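K.L.:
Here it is, the structure in full.
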Amino acid sequence: MMNGQRPCFLSLAQAREFEMLVDYARRGIHACGEDHARGAIDALVPLSHDVGAIMRCAKADALSDLRQLAMEAA
10 MMNGQRPCFL SLAQAREFEM LVDYARRGIH ACGEDHARGA IDALVPLSHD
60 VGAIMRCAKA DALSDLRQLA MEAA
């Protein structure tokens, strides 16, 4: 099971930026695969956020998206 638990942030701006990056990575996972999404995130955030945390949350969100689609199709 993927862990989509978000880290704590010092400001609302940091939290919003993190969620934007998670959404970007989630869309990258759906469109191009995990390796491509990780490469894009690595290029965007080498210092500002933990890339592993972004990818972990994005994979959890992507899995949740797939489960939701499966439930809607059934």
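The opening position of the sequence shown corresponds to residue 10 in our numbering, with each subsequent residue numbered one higher. We put the beta carbon where it would ideally sit given N, CA and C, even for glycine. Bear in mind the structure is a predicted one, so any value in this text is a computation, not a measurement.
1. Whole angstroms are fine: how far does the CA of H39 sit from the CA of G61?
2. Closest by CA to F27, which one among L78, R65, C41, D74?
3. Which residues bound the alpha helix (DSSP H) around S35?
4. Once you ignore the five residues that flank I50 on each side, which residues in its own chain have a CB closer than 6 Å to its CB?
5. Which residues in the same chain have their Cβ closer than 7 Å to the Cβ of H58, if we skip the five residues on either side of it in sequence?
P.N.:
Checking against the coordinates, here is how it stands:
1. 17 Å
2. R65
3. Per the sequence presented here, residue 35 reads as Arg, with Ser not at that position. Unbroken alpha helix (DSSP H) run through R35: 21-41.
4. Within the same chain, A34, V60, I63 come within 6 Å of I50 by CB-CB distance, once the 5 residues on both sides are set aside.
5. F27, L30
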